[in-house]
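In this text, residue positions in the sequence shown follow my numbering: the first is 21, and each later residue adds one.
Even for Gly, the Cβ is constructed at its ideal location relative to N, Cα and C.
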Amino acid sequence: MKTILMTGAAVGVGTHLRRELAGRYALRLSDLRPMKPLGRGETFVRGDIARLADMLRATKGVDAIVHLGGYSVEGSWPAIQRANIVGCYNVFEAARRNAVRRIVFASSNHAVGFYRRDQVIDHRVAPRPDSRYGVSKVFGEALASLYADKYGMQVMCLRIGNVNPEPIDKRRLSIWLSPRDLAQLVAIGIEHPAIRFEIAYGVSGNARSWYDNSNAARLGYCPRDDSERYAAEVLARERPGDARAELYQGGAFVHLEEVENPAAPRGKRKGRRT
Ligand code: 15L
Numbered sequence: 021m022k023t024i025l026m027t028g029a030a031v032g033v034g035t036h037l038r039r040e041l042a043g044r045y046a047l048r049l050s051d052l053r054p055m056k057p058l059g060r061g062e063t064f065v066r067g068d069i070a071r072l073a074d075m076l077r078a079t080k081g082v083d084a085i086v087h088l089g090g091y092s093v094e095g096s097w098p099a100i101q102r103a104n105i106v107g108c109y110n111v112f113e114a115a116r117r118n119a120v121r122r123i124v125f126a127s128s129n130h131a132v133g134f135y136r137r138d139q140v141i142d143h144r145v146a147p148r149p150d151s152r153y154g155v156s157k158v159f160g161e162a163l164a165s166l167y168a169d170k171y172g173m174q175v176m177c178l179r180i181g182n183v184n185p186e187p188i189d190k191r192r193l194s195i196w197l198s199p200r201d202l203a204q205l206v207a208i209g210i211e212h213p214a215i216r217f218e219i220a221y222g223v224s225g226n227a228r229s230w231y232d233n234s235n236a237a238r239l240g241y242c243p244r245d246d247s248e249r250y251a252a253e254v255l256a257r258e259r260p261g262d263a264r265a266e267l268y269q270g271g272a273f274v275h276l277e278e279v280e281n282p283a284a285p286r287g288k289r290k291g292r293r294t
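Below is the structure:
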């Protein structure tokens, strides 16, 4: 059984993915926060991605890395820089030094969030980040490309939409990714023999998608879920939003300076306007 390091495993996407991948891989979980309880087949290495020494320890002896760690919404430049620029570099560099050749990188829809909602985009479009956070994801994709070309690493960048058991609003009807479809994409990134450097959209087979996800399909992705079955219910509770957010795929990231951060302590989660 392959051993997979999952960074940023303690919250959000990591929580869903642990459940979906249980029994299929031995999971080495890593996070800043302590994690308990662990499931069968899981081990934990506490580590800060902003410290190379921690990442050298965490990546030693694994078969592949699923890099979810970092700052997961728009935030201040120091926060983004530390977690998503320095942190991302450390994960790739530690992998190289420890001869780990496979990485699935959690990029984001916000790398291309300034495309309009009336456009359908594929994996070849130029990046149009909607935030400092989006810029950091473009940086991660560029780093993946460098490490693939220069060091022969095999990297799948998933421009993840929104992972949730159900889509939560109108925008997410277009970018929803169910946990089991997420797991399918990650498994492709870990297993597919022909991956060098790939970009794919991390979305389910949503009828309202803004993406031409043909690169994922080429690699064998066959989504099992479509947000449409939730559409009537989601649209019934939708309230009109900011006009800028409505126009662009990135939603509120195009105009907020800080976006509600689910990982922040309670009472400190709210977004801040420009
Ligand atoms: C993301 O990239 C974030 O990590 C996540 O927290 C959501 O905000 C998501 O995008 C989204 O666009 O819904």
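Find out if the Cβ-Cβ distance for the pair residue i, residue j is shorter than 8 Å.
i      : j      : result
Leu88  : Ala46  : no
Asn118 : Leu49  : no
Glu211 : Tyr250 : no
Gly90  : Cys108 : yes
Met26  : Arg116 : no
Val106 : Ala70  : yes
Ala168 : Arg216 : yes
Lys157 : Ser128 : yes
Leu276 : Lys190 : no
Asn235 : Glu218 : yes
Write down the C-beta distance between residue i and residue j rounded to the nearest angstrom, noting that I regard them as a contact closer than 8 Å.
i      : j      : result
Val223 : Val93  : In fact, because the Cβ distance is near 18 Å, the residues do not count as touching under 8 Å.
Pro149 : Val155 : 5 Å
Gln269 : Arg102 : Not confirmed; about 27 Å, so no contact.
Where does residue i sit, in a helix, a strand or coil, going by DSSP?
i      : result
Arg136 : strand
Cys177 : strand
Ala320 : No answer is possible for residue 320: the residues shown for the chain start at 21 and end at 294.
Thr294 : Low confidence applies to Thr294: its pLDDT is 42, below 50, so where it sits in the model is not reliable, and the reading given next is rough at best. If DSSP states are grouped into helix, strand and coil, Thr294 belongs with coil.
Gly251 : Looking at the sequence shown, residue 251 is not Gly but Ala. Three-state DSSP puts Ala251 in a helix.
Ile24  : strand
Gly81  : coil
Ser224 : coil
Ile219 : strand
Arg48  : strand
Ile123 : strand
Ile69  : coil
Just to check, is the beta-carbon of residue i closer than 7 Å to a non-hydrogen atom of ligand 1?
i      : result
Arg370 : As shown, the chain starts at 21 and ends at 294. That puts residue 370 outside it, with no answer to give.
Ile180 : yes
Arg192 : yes
Asn129 : yes
Ser92  : yes
Ile195 : yes
Checklist entry - Counting pairs of Cβ atoms below 8 Å between the region 73 to 84 and the region 112 to 127, do you hit three or more? => result yes
Checklist entry - Within the chosen definition, does the region 238 to 254 reach the region 215 to 230 through at least 3 CB pairs nearer than 8 Å? => result yes
Checklist entry - So does the region 171 to 187 actually touch the region 202 to 216, counting three or more Cβ pairs closer than 8 Å? => result yes
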